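Which chain is which? The protein sequence lines are X and Z, in order.
Here the working numbering is used: the first residue of the first sequence is 1, the next is one more, and so on.
Here the working numbering is used: the first residue of the second sequence is 1, the next is one more, and so on.
Working notes, structure below.
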Amino acid sequence: MSLTELHLALLAGAPRHGYDIKQEHDSWFPDTRPLPYGQVYATLARLQRDGLAEVVETRVDGGPERTVYALTADGAARLRAWLAEPAAPTGAGAEEIVRKTVSVLHTGIDVGGFVARQRAAHLRRIRELQATPPGAGPAERLVREHLIAHLDADLRWLELATELLPSPDDQPTVRPDERKPA
Amino acid sequence: MSTVELSGVSHAYGRTQALSDVSMTVEPGEVVAVTGPSGCGKSTLLMLAAGVLRAQSGRITVAGTDLAGADDASRARFRRREVGLVLQFGQLVPDLSVRDNVALPLLLGGHRPVEARAAADGWLERVGLDVEPDTLPADLSGGQAQLAAGARALVAGPRLLLADEPTASLDATSGRALLDLLVTTTVQAGGSVVLVSHDNAVAARADREIRLRRGTVAHQVALS
Chain X
1 MSLTELHLAL LAGAPRHGYD IKQEHDSWFP DTRPLPYGQV YATLARLQRD GLAEVVETRV
61 DGGPERTVYA LTADGAARLR AWLAEPAAPT GAGAEEIVRK TVSVLHTGID VGGFVARQRA
121 AHLRRIRELQ ATPPGAGPAE RLVREHLIAH LDADLRWLEL ATELLPSPDD QPTVRPDERK
181 PA
Chain Z
1 MSTVELSGVS HAYGRTQALS DVSMTVEPGE VVAVTGPSGC GKSTLLMLAA GVLRAQSGRI
61 TVAGTDLAGA DDASRARFRR REVGLVLQFG QLVPDLSVRD NVALPLLLGG HRPVEARAAA
121 DGWLERVGLD VEPDTLPADL SGGQAQLAAG ARALVAGPRL LLADEPTASL DATSGRALLD
181 LLVTTTVQAG GSVVLVSHDN AVAARADREI RLRRGTVAHQ VALS
């Protein structure tokens with residue numbers, strides 16, 4: 001996900017200060033990691049530097065001073081251009097589950113245990129997501145369904161990986177100290 | 001006492017070994033997902049627990065009934081009394097209306113027809129099957145047949161609900177609603193549920209996963 005363009009989208013509805021943007025982000029994506037404040041302010045500074053957002057107001061409201069940002073015309077155009085392009089299909093193999101599964105396949109270290117633990121972790125997460133209301137509107141529900149579909153895709157891929165494994169009876173246990181030097 | 005107890009169960013079709021020395025339990029109120037790749041023995045295990053198949057070796061006790069030692073008539077009575085079964089394609093009786101298909105477990109159990117059909121109408125409504133009760137199964141879509149099978153499985157209040165790909169013919173929303181109804185209704189009444197599925201969203205509904213591979217238990221993990 002491009003955080004720069006996502007910040008543009010978060011600013012598109014109305015001018016906002018950093019705290020608002022963080023809150024809005026976390027309500028859009030309730031199941032993902034909350035957006036750190038530091039990330040918000042760093043991104044806003046970059047948007048301002050690049051002419052994609054501008055400061056339109058400084059509010060005090062009895063509390064700390066808050067700088068309100070709005071999209072510029074360039075920022076709005078960049079946002080429209082971003083949304084006009086489909087998201088790049090992933091598959092670069094850089095995710096942790098891919099790294100670990102491939103490592104397990106190569107090393108043969110506790111293959112069955114790894115598969116059991118990974119399946120349990122993913123299924124528990126799906127279970128948690130299914131058990132809690134996804135949020136108020138259809139957009140929140142879509143974000144939730146995307147996450148479940150992604151977890152499901154991981155599990156299906158893991159099933160494919162386990163089909164490549166030897167059966168428990170004939171599976172060799174390859175320990176690092178047994179490997180021959182290359 | 002466990003609702004389901006399999007001990008050292010093996011079963012083969014001709015020379016093809018479907019299950020080898022499988023042991024497992026399902027506790028009262030528990031939801032268990034049996035998962036694994038095609039041909040791993042999932043459906044065989046379900047049919048053995050339902051008393052449809054008789055194990056060639058090992059011991060199977062369901063709701064206190066020793067299925068290995070029971071004759072065909074006893075196993076049929078046991079199924080009618082204790083088990084609700086939902087299969088992938090509904091498997092409704094083709095010559096009976098949807099209403100009578102759902103009422104069938106009660107009719108065979110000796111309930112008065114008027115009561116059995118009233119109960120069937122209630123369950124058809126609860127599963128959300130919006131067709132005339134006199135409709136024949138041939139006129140139902142796959143998803144509608146699966147909803148009717150869900151209603152039939154629940155109508156007699158089974159102690160054990162066994163479901164083989166219970167949402168496979170339904171869209172995601174309808175499938176989730178049927179699954180919730182099957183699980184919640186059975187568990188709230190103190191019954192147990194065994195779900196056989198390829199669908200991870202179905203498996204995630206369980207308290208425990210039993211993973212089969214090549215006819216043996218590859219792993220069991222708690223999910224709740």
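Just so you know, even glycine gets a beta-carbon here, dropped at the ideal spot from N, CA and C.
The structure presented is a predicted model; accordingly, all values stated were derived computationally and were not measured.
*Might you give, ordered along the chain, the residues of its own chain that have their beta carbon closer than 6 Å to the beta carbon of residue 159 (chain Z), omitting 5 neighbours on each side?*
Counting only Cβ-Cβ distances below 6 Å, and skipping sequence neighbours, we find 63, 82 and 191.
*Do residue 32 (chain X) and residue 7 (chain X) have their C-beta atoms within less than 8 Å of each other?*
With respect to the 8 Å criterion, residue 32 (chain X) and residue 7 (chain X) are not classified as neighbours on the basis of their beta carbons.
*Thinking C-alpha only, which one of X:126, X:110, X:108 and X:50 is nearest residue 199 (chain Z)?*
Ranking X:126, X:110, X:108 and X:50 by CA distance to the CA of residue 199 (chain Z) puts X:126 first.
*Could you work out which residue in Z:28, Z:51 and Z:17 is closest to residue 72 (chain Z) when comparing CA atoms only?*
Nearest C-alpha to residue 72 (chain Z): Z:51.
*Measure the alpha-carbon distance for residue 99 (chain Z) versus residue 96 (chain X) and round it to whole angstroms.*
Taking the straight line from one Cα to the other gives about 51 Å.
_Let's see if you can read the secondary structure: which residues bound the alpha helix (DSSP H) around residue 43 (chain X)?_
For residue 43 (chain X), the enclosing alpha helix (DSSP H) begins and ends at 37 to 49.
*Of the residues Z:223, Z:218, Z:153 and Z:210, which one's Cα is nearest the Cα of residue 92 (chain Z)?*
Considering only Z:223, Z:218, Z:153 and Z:210, the residue with the shortest C-alpha distance to residue 92 (chain Z) is Z:153.
*Can you find a C-beta in chain Z that's less than 8 Å from the C-beta of residue 116 (chain X)?*
So yes, residue 116 (chain X) belongs to the interface.
*At least one CB of chain X closer than 8 Å to the CB of residue 209 (chain Z): is that the case?*
So yes, residue 209 (chain Z) belongs to the interface.
*What span of residues does the beta strand (DSSP E) with residue 67 (chain X) cover, start to end?*
Counting along the chain, the beta strand (DSSP E) containing residue 67 (chain X) begins and ends at 66 to 71.
*If you draw a straight line from the alpha carbon of residue 132 (chain X) to that of residue 179 (chain Z), how long is it in whole angstroms?*
The alpha-carbon atoms of residue 132 (chain X) and residue 179 (chain Z) are separated by roughly 16 Å.
*Assign residue 277 (chain Z) to one of two classes, buried (16 or more other C-beta atoms within 10 Å of its C-beta) or exposed (fewer than that).*
This structure leaves residue 277 (chain Z) out entirely; chain Z is present only between 1 and 224.
*Where does residue 120 (chain X) sit, in a helix, a strand or coil, going by DSSP?*
It is helical.
*asked:* Along the chain, where does the alpha helix (DSSP H) containing residue 188 (chain Z) start, and where does it finish?
replied: In the DSSP assignment, residue 188 (chain Z) falls within the alpha helix (DSSP H) that extends over 172 to 188.
*Would the C-beta of residue 103 (chain X) count as close to the ligand PLP, meaning under 7 Å from any of its heavy atoms?*
Of the ligands one can find in the structure shown there are none, so the ligand PLP has no counterpart to examine.
_Nearest-angstrom Cα separation, counted from residue 164 (chain X) out to residue 215 (chain Z)_ = A straight-line Cα-Cα distance of about 17 Å links residue 215 (chain Z) and residue 164 (chain X).
*What is the DSSP secondary structure of residue 71 (chain Z), reduced to helix, strand or coil?*
Coil at residue 71 (chain Z), not helix or strand.
*Measure the alpha-carbon distance for residue 103 (chain X) versus residue 155 (chain X) and round it to whole angstroms.*
If you take the alpha carbons of residue 103 (chain X) and residue 155 (chain X), they lie about 17 Å apart.
*How would you list, in chain order, the residues of chain Z whose beta-carbon sits under 9 Å from the beta-carbon of residue 161 (chain X)?*
The contacting residues do not exist; residue 161 (chain X) stays about 12 Å from chain Z at best.
*Just curious, the beta strand (DSSP E) that residue 48 (chain Z) is in, first and last residue?*
It is not in any beta strand (DSSP E) - residue 48 (chain Z) instead sits in the alpha helix (DSSP H) that spans 42 to 49.
_alpha helix (DSSP H) runs contained entirely in the segment 79 to 109 of chain Z, provided each spans 4 or more residues_ = DSSP runs (the alpha helix (DSSP H)) wholly in the segment 79 to 109 of chain Z: 98 to 108.
*Let me know if residue 3 (chain Z) comes out buried or exposed under the rule of 16 or more other beta-carbons within 10 Å of its beta-carbon.*
Buried.
*Is the Cβ-Cβ distance between residue 55 (chain X) and residue 69 (chain X) less than 8 Å?*
In this structure, residue 55 (chain X) lies near residue 69 (chain X), with their beta-carbon atoms less than 8 Å apart.
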